[in-house]
Every structure is written in structure tokens, then in C-alpha cells.
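Colleague:
2 protein chains.
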Amino acid sequence: MGFDLLLLAPVGSILALGFALYLALSILKMDEGTDKMKEIAQAVRVGAQAYLKRQYLGISIFFVVVFFILLAMAMKNYLVIFVPFAFLTGGIFSGLSGFIGMNIATQSSNRTAQAASKSLNSGLRVAFSSGAVMGLTVVGLGLLDLSIWYYFLNWYYSCHAIPLGTDKIAAITSTMLCFGMGASSMALFARVGGGIFTKAADVGADLVGKVEAGIPEDDARNPAVIADNVGDNVGDVAGMGADLYESYVGSIVATSALGVAAGLGVAGVTVPMVMAAVGVIASIIGTFFVKSGEQASQKVLLAALRKGVFTSSLIVAVISYFLVRYSLGVEHLGVYWSVLAGLVAGVLIGLCTEYYTSSGFKPTRSIADASLTGPATVIIGGIAVGMMSTAIPVIIVCVAILISFFASGGAANFNSGLYGIAISAVGMLSTLGITLATDAYGPVADNAGGNAQMANLPPEVRKRTDALDSLGNTTAATGKGFAIGSAALTALALIAAYKDQVMILGKDVNTSMMNPTVLVGLLLGGMLPFLFCSMTMRAVGRAAGKIVVEVRRQFKEIIGIMEGTAKPDYARCVTIATAAAQKEMIAPSLLAIVAPIAVGLLIGIDAVAGLLMGATVTGFVLAVMMANSGGAWDNAKKFVEEGHHGGKGSPAHKATVVGDTVGDPFKDTSGPSLNILIKLMSMVSIVFASFIIKNTLFK
Amino acid sequence: MGFDLLLLAPVGSILALGFALYLALSILKMDEGTDKMKEIAQAVRVGAQAYLKRQYLGISIFFVVVFFILLAMAMKNYLVIFVPFAFLTGGIFSGLSGFIGMNIATQSSNRTAQAASKSLNSGLRVAFSSGAVMGLTVVGLGLLDLSIWYYFLNWYYSCHAIPLGTDKIAAITSTMLCFGMGASSMALFARVGGGIFTKAADVGADLVGKVEAGIPEDDARNPAVIADNVGDNVGDVAGMGADLYESYVGSIVATSALGVAAGLGVAGVTVPMVMAAVGVIASIIGTFFVKSGEQASQKVLLAALRKGVFTSSLIVAVISYFLVRYSLGVEHLGVYWSVLAGLVAGVLIGLCTEYYTSSGFKPTRSIADASLTGPATVIIGGIAVGMMSTAIPVIIVCVAILISFFASGGAANFNSGLYGIAISAVGMLSTLGITLATDAYGPVADNAGGNAQMANLPPEVRKRTDALDSLGNTTAATGKGFAIGSAALTALALIAAYKDQVMILGKDVNTSMMNPTVLVGLLLGGMLPFLFCSMTMRAVGRAAGKIVVEVRRQFKEIIGIMEGTAKPDYARCVTIATAAAQKEMIAPSLLAIVAPIAVGLLIGIDAVAGLLMGATVTGFVLAVMMANSGGAWDNAKKFVEEGHHGGKGSPAHKATVVGDTVGDPFKDTSGPSLNILIKLMSMVSIVFASFIIKNTLFK
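Just so you know, the protein sequences line up as chains X and Y, in that order.
Here the numbering used here is used: the first sequence runs in plain steps of one and ends on residue 725.
Here the numbering used here is used: the second sequence runs in plain steps of one and ends on residue 725.
#1: Comparing the C-beta of K525 of chain Y with each C-beta of chain A, is any distance below 8 Å?
#2: By alpha-carbon positions, which one of X:T201, X:T457, X:R151 ends up nearest to D171 of chain X?
#3: Is G453 of chain X close to chain Y, meaning its C-beta is less than 8 Å from at least one C-beta of that chain?
#4: F178 of chain Y lies in the alpha helix (DSSP H); which residues open and close that run?
#5: Going by DSSP, which residues form a beta bridge with S282 of chain X?
#6: How many Å lie between I623 of chain Y and F714 of chain Y at the Cα?
#7: Is the beta carbon of M639 of chain X closer than 8 Å to that of F692 of chain X?
#8: If you draw a straight line from the C-alpha of V361 of chain Y to the C-alpha of S430 of chain Y, how long is it?
#9: Between the segment 553-576 of chain Y and chain X, which residues of the former have CB atoms less than 7 Å from a CB of the latter, in chain order?
#10: Taking the straight line between their C-alpha atoms, what separation do you get for P485 of chain Y and D57 of chain Y?
#11: Taking any Cβ of chain X, which residues in the segment 404-428 of chain Y have a Cβ under 9 Å from it, in chain order?
#12: Chain Y beta carbons: is any one of them nearer than 8 Å to that of M540 of chain X?
#13: Nearest chain X C-beta to F29 of chain Y closer than 8 Å, yes or no?
#14: Nearest chain Y C-beta to F431 of chain X closer than 8 Å, yes or no?
#15: If you pair each beta-carbon of the segment 550-570 of chain X with each one of the segment 600-611 of chain X, do three or more pairs fall below 8 Å?
#16: Out of Y:S364, Y:Q81, Y:A308, Y:F315, which has the shortest C-alpha to C-alpha gap to A213 of chain Y?
#17: On a CA-only basis, which of Y:I53, Y:A662, Y:A493 is nearest A131 of chain Y? Give me that one, please.
#18: Measuring CB to CB, does A250 of chain Y end up less than 8 Å from G235 of chain Y?
#19: Do G334 of chain Y and I422 of chain Y come within 8 Å of each other at the CB atom, strictly closer than that value?
#20: By the three-class DSSP mapping on this structure, what secondary structure does S676 of chain X have?
#21: Run down chain X in chain order and give the residues with a C-beta less than 9 Å from the C-beta of G697 of chain Y.
#22: With DSSP collapsed to three states, give me the class of S434 of chain X.
#23: Within the segment 297-345 of chain Y, note down every full beta strand (DSSP E) run reaching 3 residues or more, in order along the chain.
#24: Compare the Cα-Cα distances from T504 of chain Y to each of Y:L83, Y:F314, Y:D465 and report the closest residue.
#25: Please specify which runs of the alpha helix (DSSP H), each continuous and at least 4 residues long, are wholly inside the segment 389-455 of chain Y, giving them in chain order.
#26: Could you check the C-alpha separation between A509 of chain X and A618 of chain X for me, to the nearest Å?
#27: How many angstroms separate the CA atom of S156 of chain X from the CA atom of C559 of chain Y?
#28: Flag this pair as touching only if the segment 148-155 of chain X and the segment 32-41 of chain X have three or more C-beta atom pairs under 8 Å; answer yes or no.
#29: At the level of alpha carbons, what is the spacing between M27 of chain X and F717 of chain X?
#30: Determine, for A635 of chain X, whether the minimum Cβ-Cβ distance to residues of chain Y falls below 8 Å.
#31: Along the chain, which unbroken stretches of the alpha helix (DSSP H) at least 4 residues long are found entirely within the segment 542-615 of chain X?
#32: For S273 of chain X, write down the residues that DSSP places opposite it in a beta bridge.
#33: What are the boundary residues of the alpha helix (DSSP H) that L723 of chain X is part of?
#34: Taking Y381 of chain Y as part of the alpha helix (DSSP H), name the residues at either end of that continuous run.
#35: Are the Cβ atoms of L328 of chain Y and L497 of chain Y separated by less than 8 Å?
#36: Quick one: list the residues of chain X neighbouring M639 of chain Y, beta-carbon separation under 7 Å, in chain order.
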């Protein structure tokens, strides 16, 4: 029974990829606009590709090195021989989805601007389709990778010896679990590198262009303007995609592994994959609901986007019931409530994020009001709002944890409860195909605005792209909340899977907080997100400094830039930002990878459990705070720009610009990178568990 | 053997109080300076007393209410009958030490200014003596309270029935443990209320005086200037004193309680008290080392202060060896290393704090450099420095935990290890008499500067008081690091004591992090410090807003203020700040008290353990970050004011002023209040443990 249904996984994967291809082709058929528009889009595309090329080159060195390390570990029997290869495919598939998503996004910006010449709705449709390509590629490739490995391992262990101490299904899930490390590593580089690139370009462009030279944002005379546009794509499309790709596959493999421990057998292992496949189909259906009349207002468009997401969620909610009922059996029907808890929690966290970061509500308004007493009160207000905004998402996740643990029968069977927590993450992420679409649509709209501005399109077009962009900010906030919430649940599932894997290796993890090594792990783990944020924020500062120097140099040395008679050297800014991002992402990335191994070797496997938990708790809260402070500052600035408190150019506006600049690395670099930090550390711990157990100083 | 030594506790207490009285009397004999100086000091004194009067009135309502709640609980046998009374004495003694410390501090400011007319060293001696009065009063009253209760309970349980399930010594320590809640509650109000008062007055005075009216800091024409000076006393003297009073008695009673569980008998219970008494005597001896030649430089003075602290530490380190050796016996000699680990960790954390916040080192310099690109980069830089600065203190505490656990034999006897961790906190705090003196000296120097400025003393005097103030900033940074580190260790000891108390009540706490209720507790606990900081920061903002309005009103309505012909209404600003602080401290205080009870009733005793641990981990890291960001911003501003990057009035200076203003609530309100939050929540959990166990929904 479970097995027949599992066919849905490759089928869903192929459907997603096929539909993504169909959408991509229909985008490519659309009108590209004027020559000027094409030229600008081309420049962004070339920049983005140059970034990705260099990024993937750097990352491939890392992957080759780690591949051989893992291979050596496999040779010494620390790992199953498939792990190094699974590591590679995880990384390659994640990288591929980033590549596809970014390519289509850079193809869509001028087409969106052109379509917006007709109507708001036409513009939305192009941008949303581009987002849907990204969303469906991520889930499609994720499911494909999972399916290939599952079927392969299932076949392999049917005709070869199963590793000592496990049965077939445990052998399969143990191996697949490790494959998440490839996706995690890729995501880290994409998020950290992309985050540094995008904010270095953004801050650098603003500091010289807007502040010093007094030219508008997205002005073609600014040498860093293309880099800024490239940054939107590498950060918010490729980075976000890789982040959620990782959560997606991570939560599924962790749930599968916990399914074995819970004694749910093959069905327990396959249900998460099947549910993901159901989510893919629901997402595709959902995209058809994102439509409205040609002359729709922004509000109607937002409602249209929401309708798509809610429809998909509803479909998953209904089908999951039957899936759980007939796959796991009526005695495990409680698992359904776990799925539902995750699904609902994801939606609620998104709404909560919107409340705290939208200028339609009190928190962001209070920051705008604080601008009347200067930048210091704007900063204090923004940090206070961000800190305040952590309460509800944490409570939502806590309620989801309790419901999913106990509904899945955790009181009687502890491992069933953990399975419930893990599958709630799968439930939350099941509709990723469409939620990511509404999110990845944002940067396309942003770039379309830049394109329209630089190509001097008529004001009403620019107004429409502004409306699309603003809508994108709302969905981006929702998406960010969703990404953080799902990362937290996935990380918890991975921690449970870590304990489980150590037990398979014949050791037990003492997870009591009173155990001094766990306690020390908790403290170190609680500190790591702060250290990590500090490193990424400084990295942005240094990289932005390089852009500032370059933009100043071009303004000075290239005669005629300001008059529009000479063209700035856009490519150089892209190159500089790329090189800086490459260099700066090394240290924080190493921290994430080395910390759990070092703690394990020095203070033992219990301390690692503490480390992971401490990092997850603090990382989750800090990520919410940073994302929401940043979002609220951004929208407070926009609110003032709309004419409140003196409008553009007033002292209040200048104060909010300070807030926005501080918020940039908060919300687009450091905050989102924390999602990866907490997941990757768990992944590393799982993969290196056997190595640590045998070599730790602290037995 | 242990018992004879215990006499040292009351003896040490009386010595401390006697020496404090001697110092106080010698201060009062000193020259008060000119009439103008007396008048200003009088205004500050009156303001401070008005604040304390109102504050203590408000708090006494709280204490009466809680007293009757505890009494009712005692009637229902949830608590021993002595707890409500112990709660009262804990609060009264803490309040008394705040009262004495603040009174002598406000008597010393003009005398310090007058003495500084002679030489830097004379000024230092007055200010330091004032600090020593505070330090010795805190430890003296703390030890007195402990001694009285110990001797009383020891006598009582010798001739009355011992509560069921415990022996005499356990009955004594259980009751004494609860007495910490009184000290904790008092500390919370002192820190939060004092923190809000001081920063509301400071920010309010600066925003109108410095920024709008363009008059210097501490200018007598500013109506909020007296409130600002009062604030230094209520925040940094009374608040800091209550904070450390709580850590002091909290760590001692927690260690005693854990001594019973560790099976160390009466000696295990009394050793922490005796060690504290040794520390008192060492502190008194240490004060005699704080002296230098009359024409000493600032550097020499700092060395003199350090010499005092190091001498005291050395004395404690030596005598503790013999104390442990002969009191606990040679088989428990390992406990000595625990004490030493705490003592050394305290010193190291202080030095680390200095590195990150002093303009003599790279981190603060980097913030000053960032001022060249405006306020946004100053903010990002300061937050990055604060986040970075969390790493080393956390690692120091972790090393101290591991050493003290294993040195005390935790590997063989788990409870001995916990006793080791707890006694390391006692070791760290043993020299509190003198470390608090170097810290409480700061606000006196600050006020002396204000007095000199307002009384128009010659520039060389003002220069000397500035030097004293700057020295005070260094010692304040060290003191803050010390307060946070000791709070973290104390909180951990209290969490262990909580688990222990629940076991005495016949239940077991499941502290496994994989337990979903513990996990939920951890997440909620990890979030609470953020919520708490958000509340206190907003409170400062609102209170400062009221001061701003009032100062503006006086400038407008009182004709002749600016010309110096009319006197501003200082008292009104004090009244407003007092009322605002009173009102604003209620919500965050309730959060700290209600959270553990609510979590316990809703999700059970295991969740409370998670809550306490989560709050301690995040609270510790966040407190370090906020204190150090704030300190670094402050000193970056001072560094620019010394003439770097354009000096006073330059755009760089304005950018650092923004940083300093943001840092004010960070370092003086929200950050330090976290120390109390984590300790008080543990205290509340211990006192209400029995109530929660019987009434929780989640059994």
C-alpha cells in the first residue's frame, strides 16, 4: 500500500518540473520590451551568471574537498559508502535549482516591466510565473533527488548486505539523512554569499549614489545599480530557494529516519515523501487561483496570491487525512493532527510577520513616529519591535510542537511523538511550491521596477511596478517568517534524528540539561548565532566599503557619468561584490561546519546535542528578531516616503533611512543565514557522529 | 569544626558593617565645598530620596501582597511558615543596603569634587570610600541576614518537629533558599525602575538640552540635569547593589542547598557562608591597598584599584584552600579548584569586557572609524562588536563550569559536581565587597563632575573629575561583566536547586531536552529575554518622552532660564521620572514573576526547568551583548570627542552620539535587568514549586 503511493513522489517531481518548464517557456515567449530594457536586463543577467559561475566554482572546490573527506571516512567505516555521493547530489540538485530559478528571474524582470505597461495584473502574472518556476523547481528537484536515492537504496539493500545492527529500512533512512548535508552546505554558501553580495551592493550603491551624489535609487548613472539588481536575484531568489530546498529535503529525511525509530515501518518512512508529492500537486493547482481582473488594485492582487496559497493548503489538509488514515492506519490517525498543526503554524507565523512589519499596523507605525525624534529613537524602536515580535512566532511553534507530539501518541510512545514533531515540519513545507512562488516573485518585481526606472518608462508604469514591488515586500515578509519557522522545526527534527543516529551507532546521548557537558553545549550553542551574525554583519560592512570606494572612483574618473554622456562600468562593481562575497563567506561558513565537530571532539556527543539545541533556540529567536526589525525599518521608511512626518527629504525621512540601512544586513544577510546555521550544524553532527564517537577526547 | 568556623559569618558581617560605618563617618567629616556645591548636592540628595521613598512605597505594596499570598500558601502547607517572613527580610535588607549606599553616594559627590580641587588622588579616595561603603554594606547585610536565619532555623528545628521527608539541615537550606526571592524581587524593581529612571532622565536631558538647545551636558540651566544626576545614583548605585546583593545571597543559599544533596553534611552547607565571610575580611584588607601618591596619573589610579581587587582575590584564594581542606576534608579538596575557577573566571570576564568596550582597543576603535560613514554604520558596528564580545565570556563560563563540576567529583557523584558549579559562583562573588566598591565609585565620580560643572569650579578641577569619571567607566564595564557572569552562574546553581527542591517534594524533574515540554520551555525561555528587553526599552522611550515634553515646557514658560536669571524647576523632572519609572516597571516585572508560574501551571514542572535554562542561556548572551554594545558606543563617542575623526561637533561626532543614545537603554536598563530576570525566575520557580506540582494542568 505504502509502496504504490510512493510512486507519487517521482510522479509529483516530474509534474512539478514539467509545469515549471511550461511556465518558463511561456515567460520566454513574452515581449522583452524596448532595446534599452533588453540591454539592462542583459546586464543584470550577465552579472548574475558571472556571480553564479564564480560562486559555484568556489563551492565546487569545497564540495570536492569534503567529498574526499567523507570518502576517506567511508573507507574507514565511519560512514556508509553512499554518503559522499549523496552529499554531492544534494549539493548539485540544490545548486541546479538556484541556477534555474535565477536564470528565469533575470529573464522575467524586463518582461514584467513590459507587461506592467499594460496593467498591474499582467505584470503580476509574469512575475508570479517566474516565482512559480523557482518554487516548483525546488520541490521538483528535491523530490527527484529523494526518489532516486530511495529507490536506489531500496534496490541495493535488497540484493546486498545490510550494515551491521540495522534493518533495510533503517539503512536506507540513515544514508538519506546524510544526503541533507550536501543541500545544507550549498544553502549556507548561497545564503551567506548571496546575502553579503546583495547587501554590499545595496548599501554601497545607496551610500554613494543616494546619500553623497543625491541621485535616485535605481538610477542608471550609479555604477553599482546593476550589482544591486543582481544582488536581489542572488540573495532573495537563489539564497531563499537553497534555504527552503534544504528545509524541504531535511524535514522529509529526518521524518523518515524518525519513522523507523517510531516503529511505523515502511509506511512511516514513505508518508513524508508522499505528502510532499501531494503538496506539489496542490501547489500546481493553487497557481491557477492566482488571477484577477486586468484593472485589479493592489489589495485584490494580494488577495489573489493568498487565495492560491490557501487553496493549496486546503487541498493538502484534506488529502493528508486520507493519506494518514489509509497509509499509517487508523490507529495512527493522530499523525494527521501533527501535519495540520505544522500547516496552520506556517500560515500563522506568516501573518504574524506581516503584522509586525507592515506599515498598515501599529508596530511599524511606531517606528515611523519615532523618526520625529531622530535616528537613535528609530533604531531603539526598531530593535524593540523586532524583539517584541519574537513572542508570538515562538508561542505558535511551541503550540505546534505540543500538539504534534501528543497527537501522534508521544505520551505512550516517545518516538512516535518525535515523529509527530518532524512531520509537522513536513506539513508546514508541503505547500512550498506555491509559498516560495509568492516569495521569489518579489525580487522579480523589484528588478522590474529598476528596469522601468533605468529605461525611463512612463511614470504610470513605474507606479505599477512600485505597487508590485510593495506587494512583493509583503509576501517576502511572510516568506521570511515561514522560512524561519520551518527551519526551526526542521532543526528540531534533525536534533532528534541525531540522537537516533547515535543510538544506531550503539551509544546513547544523555540529553539532560543538568549534565554539565550538555549545559556547556547549550551555552556555547546559544552564543554561536550571535557570533555568526557579528561575522556576517562585519562582512557586509567590509564588502560595502569596497563598493563605496569603487563607485566614488568611477564618479571621479569616468568623465560624463553624471551628465549621462558616459556609461559607468557596471561589471566592475559586480566583480568586486562577487569577489568580496566569496572571500567573506568563508569564515562564517567554517564556523558553522567546524563548531559541532570541535565541540564533539573536545566535550563529547552530549555537548553536541546541547550545542544544537542552544543554537536552535537562540538562532530561531534571533532570526525572527532580525528579520522583523529589518522589515519594519524598511516599511517605516517607505511610510515616511509616502508623505508622512514630512515625507521624502525631511529629517524624519533621513532618520528612517538610517534605520533601513541598519536593517539591510539584519533582514537580508545575518537573519536568514541563521536558518541555515541551525540546520547545517545538525546535519554536520549527524554525518560526523560516528567519527566523533570514536575520536572524542571526552568519552 | 564547621560550626566554630561559621561564627565567622556574623563576625564578618559585623566587621563589614562596622568598617562601612567608619568610612561613612569619615566621608561626612570632609569638606563639602562652596555653598553652590552644597546646594546642588542637596538637590540631588533630595531628588534621590524622593525617588527612593516613592519607590519603596510602591514596592512595599507589592511585598505586602506577595507576603500574604505566601502566607496563604504556607497555611495550605505549600510552604514552610518561615518563607513569607524570609521573603520580607530578604527584601528589607536589600532595600536597606540600597538606601544606605545611595545616601552616602549623594553625600560624597560634592565632597569628591571638593577633594579633587586638591588632587586626583584625594578625589579618588573620597569616591572610592563611598563605593566601599556600598560594597561592604551589601555583603555585610547579606551575611547578617543569612546568619540570623541560619542560627534561628538551626535552633528552631533542634527543638521543633522537622517537616516530613527532610532532615534538619535540609529543612534549614530549603527555607533559606526561598528567602532569596525577597532579595530577587527587590533587585528587579531596583534594576528595572532605576534603569528606566536613569535613562529616561539622561536621554530626555540630552535630547532637549544638548541637541535642541545646544547647551553642554550637566549644565545647570537644563531642568532635567538634577534628575540625570539622581538617575546615576538610583541606577548604578542602588540598582547595581541590589543586583549583586541578590547574586551574593542567591549563590550562597543555592550552594548550601546543593551541599545537602551532595551529601556533604553540615560542613557543605556552612562552607559557602564561611567563604563569604573570608571574602569580606579580604575585601576590607584590599581597600587599604587602594592608594597612590597625591599627583598620580589616571593609569596609576587604575592600577591602585586593581591592586585592591587582586589582593583581596589572592587572600581568598589562599584561605579557601585551608577552609576546604579542613572543613570538607582532604577527600573533597577538589572543591577548592571549583572556588578558584569561579574567582579567576570573574576577573577574566571583567578584563574581557574592558577589551571590548575601551577605546584603547580595536573593537571600540572600529566603531569610532565607522562614524566616518554615518550613524547607520556606527549602529551596525556597535551591534557587531557586542555580538562578537559574547564569545569569550561564554567560553570562560563554560570552562569554569566544566572545571568546577569535574574537580568537585561530578563524574563519580553528580550532585557533588553541581555543588562545585554553585560554589564557583560563591568564589566569584566572595570579593564582592571590593569589586562592588570599584564599581559603585563610578556614579559618585560622575556626579562629582556634574557638581563641578554646575558649580563652575575651575577647569582643572573639572578635568580631574573627568579623569575620575573616565576611570569609573572602565571599572563600571568590568563590574558589569562581573555582574552578568555571576548572575549566570548563580542562575545555573538556582536551576539545580530547583530540581533538587522538586525532588524533596517527592517529584522528579525530567530535564531531557528531547522531552517536548522541556523543549517548549527552552524555546519560551529563550524568547523571554527578548520580550523583556523590548518592554524595558520601550519603557525608557516613553518615560524619556515625558521628560522631553517637560524640559521643553520649562524652557518655554520659565522666562530667563537660558540667561541664568531664573532657576528651572528641577524637582518636577525628578517627580516625572519617578512616576514614569514606577509605572513602567510594573509590566516587565510581572512578566518575570508570572511567566514561570504560568508555564508551570499550563505545561508542568519539566517545562519550568526548560524555561529557566532557556532564559539563562539567552539572557546571559543577550546581557553581555547589550552591555558591551552600549559600553563600546559610549567610549567610541568619547574617543571622537577627544578630537579624533573631526572631534566634537563633526558629522562623525553626531554619528557616535546616535550610537551612544541607542546604547543608553542597552547598557543601563535592558541589559542589566536581564541579570535579575534569570535569577528571579528561578527563585519564583523554587518558591512556587509545591503549588505548581499540586495545581498544574499538565501532570
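We put the CB at the ideal spot given by N, CA and C, even for glycine.
Given the structure is predicted, the values throughout are model-derived calculations rather than measurements.
Modeller: Answer, in terms of the structure:
#1: Absent from the structure: chain A. Protein chains present are X and Y.
#2: Here residue 171 of chain X corresponds to residue number 145 of the first sequence, with the count starting at 1. The option with the nearest alpha carbon to D171 of chain X is X:T201.
#3: By one-based count along the first sequence, residue 453 of chain X stands at place 427. Chain Y contact via Cβ: absent.
#4: Here residue 178 of chain Y corresponds to residue number 152 of the second sequence, with the count starting at 1. F178 of chain Y: member of the alpha helix (DSSP H) spanning 146-185, first to last residue.
#5: Reading the first sequence from its first residue, position 256 is the one you call residue 282 of chain X. DSSP output for S282 of chain X lists no bridge partner at all.
#6: Within the second sequence, residue 623 of chain Y is the residue found at index 597, counting from 1. Within the second sequence, residue 714 of chain Y is the residue found at index 688, counting from 1. So the two alpha carbons sit approximately 7 Å from each other.
#7: Reading the first sequence from its first residue, position 666 is the one you call residue 692 of chain X. Reading the first sequence from its first residue, position 613 is the one you call residue 639 of chain X. M639 of chain X is positioned such that its CB atom lies no closer than 8 Å to that of F692 of chain X.
#8: In the second sequence, counting from the first residue as 1, residue 361 of chain Y sits at position 335. In the second sequence, counting from the first residue as 1, residue 430 of chain Y sits at position 404. Using only the alpha carbons, I get a separation of about 7 Å.
#9: For the segment 553-576 of chain Y, the set of positions with a beta-carbon nearer than 7 Å to some beta-carbon of chain X reads M553, F556, L557, C559, S560, M563, R564, G567 in chain order.
#10: On the second sequence, position 459 is the one that residue 485 of chain Y refers to. On the second sequence, position 31 is the one that residue 57 of chain Y refers to. Going by the C-alpha atoms only, they are around 20 Å apart.
#11: So the list reads I405, I406, G407, I409, A410, V411, G412, M413, M414, S415, T416, A417, P419, V420, I421, V423, C424, V425, I427, L428, given in the order they occur along the chain.
#12: Position 514 of the first sequence, counting from 1, holds the residue named residue 540 of chain X. At least one chain Y Cβ lies under 8 Å of M540 of chain X.
#13: The residue given as residue 29 of chain Y occupies position 3 in the second sequence. Low local confidence applies: a pLDDT of 49 at F29 of chain Y is under 50, so the model's placement there is unreliable, with the coordinate-based value given in what follows. No, its Cβ sits nowhere closer than 8 Å to a Cβ of chain X.
#14: For the purposes of this step, residue 431 of chain X is taken as the residue at position 405 of the first sequence. Closer than 8 Å to some Cβ of chain Y, the Cβ of F431 of chain X qualifies, so yes.
#15: Judged by Cβ distances under 8 Å, the segment 550-570 of chain X makes contact with the segment 600-611 of chain X, as three or more pairs qualify.
#16: Counting from 1 along the second sequence, the entry for residue 213 of chain Y is found at position 187. Comparing alpha-carbon positions, the option among Y:S364, Y:Q81, Y:A308, Y:F315 lying closest to A213 of chain Y turns out to be Y:Q81.
#17: Residue mapping note: residue 131 of chain Y aligns to position 105 of the second sequence, counting from 1. Ranking Y:I53, Y:A662, Y:A493 by Cα distance to A131 of chain Y puts Y:I53 first.
#18: Your numbering for residue 250 of chain Y matches position 224 in the second sequence. Your numbering for residue 235 of chain Y matches position 209 in the second sequence. Cβ atoms of A250 of chain Y and G235 of chain Y: closer than 8 Å.
#19: Numbered from its first residue, the second sequence carries residue 422 of chain Y at position 396. Numbered from its first residue, the second sequence carries residue 334 of chain Y at position 308. The beta carbons of I422 of chain Y and G334 of chain Y sit no closer together than 8 Å.
#20: Within the first sequence, residue 676 of chain X is the residue found at index 650, counting from 1. Note: S676 of chain X maps to coil in three-state DSSP.
#21: Sequence index remark: in the second sequence, residue 697 of chain Y carries index 671 (1-based). Neighbours of G697 of chain Y on chain X: none; closest Cβ ~12 Å, over 9 Å.
#22: Against the first sequence, residue 434 of chain X aligns to sequence position 408. Correct three-state label for S434 of chain X: coil.
#23: The segment 297-345 of chain Y is shown to contain no whole beta strand (DSSP E) run of 3 or more residues.
#24: For the purposes of this step, residue 504 of chain Y is taken as the residue at position 478 of the second sequence. Nearest Cα to T504 of chain Y within the set Y:L83, Y:F314, Y:D465: Y:D465.
#25: Here the runs fully enclosed are 401-414, 417-433, 440-455.
#26: The sequence position of residue 509 of chain X within the first sequence is 483, counting from 1. The sequence position of residue 618 of chain X within the first sequence is 592, counting from 1. Taking the straight line from one Cα to the other gives about 19 Å.
#27: Counting from one through the first sequence, the residue named residue 156 of chain X turns up at place 130. Counting from one through the second sequence, the residue named residue 559 of chain Y turns up at place 533. S156 of chain X and C559 of chain Y have their C-alpha atoms roughly 41 Å apart.
#28: Segments in contact, no.
#29: Start at 1 with the first residue of the first sequence, and residue 27 of chain X comes out as number 1. Start at 1 with the first residue of the first sequence, and residue 717 of chain X comes out as number 691. The predicted model places M27 of chain X with a pLDDT of 42, which falls under 50 and marks its position as unreliable; any figure quoted below should be read in that light. Roughly 38 Å separates the two Cα atoms.
#30: Residue mapping note: residue 635 of chain X aligns to position 609 of the first sequence, counting from 1. A635 of chain X belongs to the set of residues whose beta carbon lies under 8 Å from a beta carbon in chain Y.
#31: 542-583, 596-610, all fully within the segment 542-615 of chain X.
#32: In the first sequence, residue 273 of chain X corresponds to position 247, counting from 1. DSSP output for S273 of chain X lists no bridge partner at all.
#33: For the purposes of this step, residue 723 of chain X is identified with residue 697 of the first sequence, where counting begins at 1. Note, L723 of chain X: premise wrong, no alpha helix (DSSP H); not H, not E.
#34: Reading the second sequence from its first residue, position 355 is the one you call residue 381 of chain Y. Where Y381 of chain Y is concerned, the enclosing alpha helix (DSSP H) starts and stops at 360-383.
#35: What you label residue 328 of chain Y is simply residue 302 of the second sequence in a count that begins at 1. What you label residue 497 of chain Y is simply residue 471 of the second sequence in a count that begins at 1. Going by C-beta atoms, L328 of chain Y is nearer than 8 Å to L497 of chain Y.
#36: Within the second sequence, residue 639 of chain Y is the residue found at index 613, counting from 1. Chain order gives the chain X residues near M639 of chain Y as M539, L548, where near means a beta carbon separation below 7 Å.
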